[in-house]
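Trainee: Those protein sequence lines, which keep their order, are chains A and B.
Under our numbering, the residue at position 241 of the first sequence is numbered 241, and the numbers go up by one with no gaps.
Under our numbering, the residue at position 286 of the second sequence is numbered 286, and the numbers go up by one with no gaps.
Once you've had a glance at the structure underneath, I'll fire off some questions.
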Amino acid sequence: MSDALESGDKVEVQWKGTTFSGMFISKDEKITVIKLQNGYNLSLENVSISSINLISKYSPKNVVRGNLTGKGKRVFLLGTGGTIASYVDYETGAVKPAKTAQEMLYAQPDLARVASVDAEIILNILSEDMKKSDWINIAKKVFEKVNQKEGVVITHGTDTLSFTSSALSFLIENPSAPIVITASQRSPDRPSSDAFFNLTGAVKVAQSDLGEVGVVMHSSTSDDTLDIHSGVRLRKMHSSRRDAFKSVNSEPIGTVDGNLNIHWKKYEKVNGKPTKLYDKLSEKVGLLYFYPGLSEEIFNKFAETNDGIILAGTGLGHISNRFLSQVKDYTDDGKIIGITTQCLYGEVNLEVYTTGRNMLEAGVIPLHDMLPEVAYTKLSFLLGNFDHDTARNLLAKNLRGELSERRIE
Amino acid sequence: MNYLSEELNDVKIGLEIHFQVKGRKLFCDCKGEESDTELGSFTRKLTVVSGEKSEKDIAALQESLKGREYEYIKTENSCLVEMDEEPPHAPRRETLDTAIVVSLILGCKIVDNVHFMRKIVVDGSNTSGFQRTGIIGVHGKFKMDSKIIGITSVTLEEEASKKVREDEKKIVYSLDRLGIPLIEISTDPDIRSPKEAREAAQNIGLAVKQSGMIRREGSSIRQDLNVSIFGGNRVEIKGVSSLSQIEKVLTKEIERQESLLEIARVLKGRSVSTDLLLEDLTNSAFFNNSEIFTKGVRGGKKIYGFSLPGLSGVLNNGKFRLGKEIAERLRAVGIGGFIHSDELPNYGINEKAMNEISKRLGSKKDDAFGLVVLEPSKIEICVEIIQSRVREALNGVPAETRAAAENGTKYLRPLAGSSRMYPETDIPLIPLNSSYIEELETKVPPTVEKRVEYLESMGIPAQEAFSSLWKEYDDVLESFVKDFGTPKVCAKFLSVVYSSENPNLNKARYLTMRFSKGNIPSESLESLYLFGEFKLSESSKLTLLESNSFDYSLQLEDQLGVREIGPEFKIKSESNKKLVKIIEAIVKDNEPLIRERGEGSFKFLMGTVMKQVRGQFEGKEISDTLSQKIRELLKN
Chain A
1 MSDALESGDK
11 VEVQWKGTTF
21 SGMFISKDEK
31 ITVIKLQNGY
41 NLSLENVSIS
51 SINLISKYSP
61 KNVVRGNLTG
71 KGKRVFLLGT
81 GGTIASYVDY
91 ETGAVKPAKT
101 AQEMLYAQPD
111 LARVASVDAE
121 IILNILSEDM
131 KKSDWINIAK
141 KVFEKVNQKE
151 GVVITHGTDT
161 LSFTSSALSF
171 LIENPSAPIV
181 ITASQRSPDR
191 PSSDAFFNLT
201 GAVKVAQSDL
211 GEVGVVMHSS
221 TSDDTLDIHS
231 GVRLRKMHSS
241 RRDAFKSVNS
251 EPIGTVDGNL
261 NIHWKKYEKV
271 NGKPTKLYDK
281 LSEKVGLLYF
291 YPGLSEEIFN
301 KFAETNDGII
311 LAGTGLGHIS
321 NRFLSQVKDY
331 TDDGKIIGIT
341 TQCLYGEVNL
351 EVYTTGRNML
361 EAGVIPLHDM
371 LPEVAYTKLS
381 FLLGNFDHDT
391 ARNLLAKNLR
401 GELSERRIE
Chain B
1 MNYLSEELND
11 VKIGLEIHFQ
21 VKGRKLFCDC
31 KGEESDTELG
41 SFTRKLTVVS
51 GEKSEKDIAA
61 LQESLKGREY
71 EYIKTENSCL
81 VEMDEEPPHA
91 PRRETLDTAI
101 VVSLILGCKI
111 VDNVHFMRKI
121 VVDGSNTSGF
131 QRTGIIGVHG
141 KFKMDSKIIG
151 ITSVTLEEEA
161 SKKVREDEKK
171 IVYSLDRLGI
181 PLIEISTDPD
191 IRSPKEAREA
201 AQNIGLAVKQ
211 SGMIRREGSS
221 IRQDLNVSIF
231 GGNRVEIKGV
241 SSLSQIEKVL
251 TKEIERQESL
261 LEIARVLKGR
271 SVSTDLLLED
281 LTNSAFFNNS
291 EIFTKGVRGG
301 KKIYGFSLPG
311 LSGVLNNGKF
321 RLGKEIAERL
331 RAVGIGGFIH
341 SDELPNYGIN
351 EKAMNEISKR
361 LGSKKDDAFG
371 LVVLEPSKIE
381 ICVEIIQSRV
391 REALNGVPAE
401 TRAAAENGTK
411 YLRPLAGSSR
421 MYPETDIPLI
431 PLNSSYIEEL
441 ETKVPPTVEK
451 RVEYLESMGI
461 PAQEAFSSLW
471 KEYDDVLESF
481 VKDFGTPKVC
491 AKFLSVVYSS
501 ENPNLNKARY
511 LTMRFSKGNI
521 PSESLESLYL
531 FGEFKLSESS
541 KLTLLESNSF
551 DYSLQLEDQL
561 GVREIGPEFK
571 IKSESNKKLV
581 KIIEAIVKDN
591 EPLIRERGEG
601 SFKFLMGTVM
611 KQVRGQFEGK
621 EISDTLSQKI
631 RELLKN
C-alpha cells in the first residue's frame, strides 16, 4: 500500500499498537517518515509499522508567487550553487531553493524594494566541486552583463568563494559595472540567516560605481554592517561564523550599514575603459602547502605535472633546503615557482635568512603579500593567456590590487 | 457558573509541562547552570519566509510586524552554538536517556528514531529563529486517582533565551539559559477543572522527578495551559511558573472566556458593524485638558476618533471588558493608549466633550467610540486590528496565545498553527533500538505510589513521604530512618531542613545522631539546626558549636555551668515527660486489666502505646517507661 503513496498524502498509521493520522513524507528501505498534525516528523522503522492506510491524496495548493520584478536600478543575479534564497513549505517541511527571479524576490522580500532584478541559475554545485572551467563559464556570463553596464551579483557557496572572486578579478579587465559576489553561512530557510542582509547589501553595491570584483559579507556576528572586500584580498577565516571572510593584508574597500548605505574607503571605480574578457585558465598550475616531512617524490611529481606552482611556504616563505637543487632544475626548465606564506598575514621576504636567499638563487619568485589562493588563480590566468616570459614578469606585479607595498597591521 | 466546586464537562484543559534537565546543554558542551557573567553582546534580526504566502504563519507574521531588533548577551556558559555561529553538536546521550526514562514513567511508546525538528519561533528567544525539538515518546497514559490522563507526547528540546529587557525597538536576551535541555510533556485535553489541572501538574511533576535528573531551581519547571470552554476556541496560556498559579490563572481565564461568550450573545441582538467612521480630531478643543492627548500631539502624533457601532457597554461595564481586549491587541503591535467611551468621562475629557465627540462620530444608540493618539503612519494598522477584534467578538472566544499575568492572562499573539516545523538537517536521525530501550527500562524508578508505600512501611507519615519525594530528599530520609530509627522525628526534622535554600546535611545528620543517643530532645532539633541553640528551660540551654563545616559539638548551659556534652550524656527532657504522660494515661485507663493480668499486661499495652507514639521515641525508652509504670501501679 505505502509504495503507492506520495509525499503529502494523508494517511493513518498503525504502529506498535497505536494509531496516528498524519502526512506521508517519504519511505526508504528502512524508514517511513510521517508528519504528525502538530508538525513533528516521526521516523518509523518499516518493520514496526503494521499498516499504512491512505485517507486522502495530497492536492498541492496552487501557489501564486506574483510576478515581482522589484523597484530600482536593474541588477542581474547569477546563481552558481550554494543556496542564498529558499523557502520552506511548512506543510511538508520541504526546503525549496529559489530558482527564478520571481522566486528569489518572493523568498527575499526586501530585495524587491531596492532593485529590479533578473536572475539565472547557471550552476548548481557545491563550491568545493567548482572547477576552472566553471570559473570561465561564470566569467563569460558576467562579462556579457557588465559589458552592457548592468551590475551583477553572483551567489556562491562560501568554501571556495575567494578562488572564484580572484579568478573573476583576473579574467575580466576594466569591468563597466560592479561584479559582486555574496554568500551565506547560515542557510536562508532559517529566520536568522545572514543571506537576507548579505544579498540585499550586495545588490546595493551592484548598483554603485564599483569597477572591480567585490565580495559582500557580514563584518561581525551582528546583523548591522557588511564588509565589501576586494575580490583578490579576502579569505574565509572561520569554518562557520557569519563574519568568516576577512580582508587579509588590506582593509575592506567599503562597508554597507544597516540602512543599506554604502561607505566607501579605497576602491576602484568604473573607469570607462573597454571591458575585456580573458577566457582561458591554465590547467597546469598547482598550489602546494609545504610541511615538514614533505617527500621529494611528491614534490617532484607535483612539479613535473605542472607548468607553474605556487608554494605556500613557512614563515617568511621558506621551504626545506632539501628541495633547492630540484627547484633550480625546474626553474631552469622554464617552470614558474611563486612563493607565498602560510601565515597569510604579512609579506614573503626571502632576503632575511640563508634559506630564502638560496631559494631566490634557485629561481623562485617571491609574491609579496599575495594570498596563496590568489597567486594560484593569477598564475593560472597568466599561463592561460600569455607566454611564459610575460607570465613570469607579471606574476609579482600588481594587476588587480592583489598585492600591496604597505601594511599597517 | 459554578465550575470550581464540581467538574464540568464543558471545560477542556490540556497541560504542557516543561522540565529542565540536569547536566550540560543539549547541543553543545556548555554548562547547564545559569550564569550571569556578561561577556559582550551582538544584535540580530529575524526574517520569516514561508512556502505559501497565504499561509504565512500568522504568529510569525505578527512578531515580524514589530520590526524588532534582538540583542544577545554572551555569558560564560554560552559558545558559538548558542550564537548560531556553529552547527549544533550531537545531543548528549545521558540527556536523551533521561527523556526516554521520563517517557517510560508516563507510559509512552518510545519512537524508533529521534527526529529533531526546527520549530519556527521569531520572538528572538532563539538566536536561530527556531527551537530544536524532537519527539521521544508518544501516546502515554498517566493514572491520577481514579482518572487516566492521556499523554500526547514527550519531547526533548532546547530551552529559550532569558529575556533581560525590552523596549519598542529592541528585545535584549541573555544566552545563559539558551540550549539547556528541556523535556516537554503534553497531555491530552482530558482535564476538566482548574483544580484538577493543578493536581495533574503536581502528580506528573512528582512522577517525573523520580528520574532524579530534573533540575530543582525555581524557574526550571514551567507550564503552558490550553483551555477552551464549550462554544469557544482553544486558548494557550504561556509561562505559568508555579503550581498554585495554575488554578488561579485558569479560573480567571475561564471567567474571561465565559464573559466573551456572553458578549457575543449580547452583540447578536445589536447592529454591530466594522464600518468605523474615522476622523482626525487633532485640532479640536475636546482634548485641551487631557494630558495624554496634548502630550502626544506635542510629540508630532495625531488624535483619531472612530465610531464603534453597537459596542456601548460591552467595552467596559465592570463585567464585560472588550475594551481591554482591543487595547491588548493594539499594544502587541506597539500602539498604546486606546481610550473608549465606556471609560469616559475621564483622562481630562468631560461629559460635554464626550457628547460632542460622540455626535461628531455619528453615534447612535448602543454605539461606542474609541480614541487613539498615534503616528499617522500607524492609523491604518490600528483600524485593521480593531476591526478584526470586533469581528471576532461576534463569535465569542478567539483562538489566542496569552501570557499568564498577575491577575489572569494577557494577549500575546494569535494561536500558532501547527504548520511551522521542518526537519533539522544538522542533526542526523538517532536510532533507538529495542535493546537500548530495554536497558533503560531497568532504570525506570518505582512509581510514586510504590515509593510512598515503601516509605510509609518504614513508619514515615504519608504527607512527609510525599513532600520528601517532591523535594527529592526521600533517599536521605530513608537513610536517616535506617541509621537512627524514629521515623516521625526524622521526617519532621528533614522537612524543616529541606525547606531552606541550602540544606546542610552534615549538620542535620550530626543532630539526629545526637538525638538518637538520647543526648538531646527531639524538640531541640529544629531550633539547633536553624539557630544553633535551644532553650531547655528558663535557666538552661543547649548550643551547637561548629568548628568547621564537618566538626560539630554540643554544649549545655545550666545551674552547673557551661560544659560540652558527650555521647554518654542523657537528657531528662520534656519529651520524656510527654512520653511518661501518655503512658500514665494509658496505664490508668487500663488499670483493671493490669490488676487482672499483672506484668503480663505489658505486651498488650505496648501495642496501645506504640499506636500513639510510634516514631517519636526510642523503642527501649518506651518499653522501659511502660514496664516501670505497670510495676508502680501494681506496687500500690
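Using N, Cα and C, we set each Cβ at its ideal position, and we do this for glycine too.
Just the C-alpha distance for S282 of chain A and G70 of chain A, rounded to the nearest angstrom, thanks.
Mentor: 40 Å
Trainee: Taking DSSP as the reference, what is the three-state secondary structure of L44 of chain A?
Mentor: Secondary structure at L44 of chain A: strand, using DSSP grouped into helix, strand and coil.
Trainee: Taking 9 Å as the CB-CB cut-off, is H89 of chain B touching chain A?
Mentor: no
Trainee: Whose CA, out of B:L560, B:R165, B:E538, B:A491, lies closest to the CA of E526 of chain B?
Mentor: B:A491
Trainee: For L182 of chain B versus L206 of chain B, is the C-beta spacing smaller than 9 Å?
Mentor: no
Trainee: Return the chain-ordered list of same chain residues with a C-beta closer than 8 Å to the C-beta of T200 of chain A, the five sequence neighbours on each side being excluded.
Mentor: Q108, D110, L111, V114, L260
Trainee: Using a Cβ cut-off of 7 Å, pull out every chain A residue sitting near P376 of chain B, in sequence order please.
Mentor: Within chain A, no residue comes near P376 of chain B; the closest Cβ sits about 21 Å away, beyond 7 Å.
Trainee: Are any of the Cβ atoms in chain B nearer than 9 Å to that of A94 of chain A?
Mentor: yes
Trainee: Just to confirm my understanding: we take K570 of chain B, look at its own chain, exclude 5 residues before and 5 after, and list those with CB closer than 8 Å. What are they?
Mentor: G518, N519
Trainee: Among residues of its own chain, excluding the 5 on either side of F293 of chain B, which ones have a beta-carbon nearer than 7 Å to its beta-carbon?
Mentor: Counting only Cβ-Cβ distances below 7 Å, and skipping sequence neighbours, we find F287, I303, V373.
Trainee: Using only CA atoms, which one of B:K450, B:N548, B:C79, B:E406 lies nearest to G239 of chain B?
Mentor: B:E406
Trainee: Whole angstroms is fine: what's the gap from L360 of chain A's alpha carbon to C79 of chain B's?
Mentor: 46 Å
Trainee: Could you tell me which chain C residues have their CB closer than 7 Å to the CB of E441 of chain B, listed as they occur along the chain?
Mentor: The structure shown contains no chain C; its protein chains are A and B.
Trainee: Grab me the residues of I336 of chain A's own chain with a C-beta within less than 6 Å of its C-beta, minus the 5 sequence neighbours each way, in chain order.
Mentor: G308, R392
Trainee: Check the DSSP bridge columns for P366 of chain A and list the partner residues they point to.
Mentor: DSSP output for P366 of chain A lists A:I339 as bridge partner(s).
Trainee: Once you ignore the five residues that flank S363 of chain B on each side, which residues in its own chain have a CB closer than 7 Å to its CB?
Mentor: S307, F369
Trainee: What's the call for I148 of chain B, buried or exposed, on a 16-neighbour Cβ count within 10 Å?
Mentor: exposed
Trainee: The alpha helix (DSSP H) with A353 of chain B in it runs from where to where?
Mentor: Start and end: 351–360.
Trainee: If you follow the alpha helix (DSSP H) that A393 of chain B is in, where does it begin and where does it stop?
Mentor: Taken as a continuous stretch (DSSP letters only), the alpha helix (DSSP H) holding A393 of chain B covers 379–393.
Trainee: By DSSP's criteria, P414 of chain B is part of a beta bridge. Which residues make up the other side?
Mentor: B:E400
Trainee: Grab the span of the beta strand (DSSP E) containing E557 of chain B for me, first residue to last.
Mentor: 551–558
Trainee: I need the DSSP call for M606 of chain B, collapsed to helix, strand or coil.
Mentor: Correct three-state label for M606 of chain B: helix.
Trainee: Interface residues of chain B around E45 of chain A at Cβ under 7 Å?
Mentor: D112
Trainee: Could you confirm whether any beta carbon from chain B is found closer than 9 Å to the beta carbon of I31 of chain A?
Mentor: At least one chain B Cβ lies under 9 Å of I31 of chain A.
Trainee: What does Y422 of chain B reach in chain A if we use C-beta pairs closer than 9 Å?
Mentor: G39, N41, V88, D89, Y90, T92, G93, A94, V95, D189
Trainee: Residues of the region 9–20 of chain A with a CB closer than 7 Å to any CB of chain B: list them in chain order, please.
Mentor: Only those residues of the region 9–20 of chain A whose C-beta falls short of 7 Å from the nearest C-beta of chain B are listed: K16, T18.
Trainee: Considering just the uninterrupted stretch of the alpha helix (DSSP H) at N358 of chain A, what are its terminal residues?
Mentor: 354–361
Trainee: Using a beta-carbon distance below 9 Å, is V122 of chain B in contact with chain A?
Mentor: yes
Trainee: Where does L394 of chain A sit, in a helix, a strand or coil, going by DSSP?
Mentor: helix
Trainee: Should the region 269–287 of chain B be regarded as contacting the region 345–360 of chain B, the criterion being three or more beta carbon pairs within less than 8 Å?
Mentor: Flag = yes, the region 269–287 of chain B and the region 345–360 of chain B touch.
Trainee: Throw me the rounded Cβ distance for the N358 of chain A and N306 of chain A pair, which I believe falls under 8 Å.
Mentor: So it is not a contact: roughly 22 Å between Cβ atoms.
Trainee: Is the separation between the beta-carbon of D224 of chain B and that of E400 of chain B shorter than 9 Å?
Mentor: With respect to the 9 Å criterion, D224 of chain B and E400 of chain B are not classified as neighbours on the basis of their beta carbons.
Trainee: S176 of chain A to R400 of chain A, Cα distance in whole Å?
Mentor: 15 Å
Trainee: For the ligand COA, any of its heavy atoms closer than 8 Å to the Cβ of G232 of chain B?
Mentor: Among the components of this structure there are no ligands whatsoever, and the ligand COA is therefore not found.
Trainee: Looking at the structure shown, is K53 of chain B part of a helix, part of a strand, or coil, going by DSSP?
Mentor: Unreliable positioning characterises K53 of chain B in this predicted model, as indicated by a pLDDT of 41, which lies under 50. A coordinate reading is not provided.
Trainee: Along the beta strand (DSSP E) that carries Q20 of chain B, what are the first and last residues, could you check?
Mentor: 11–20
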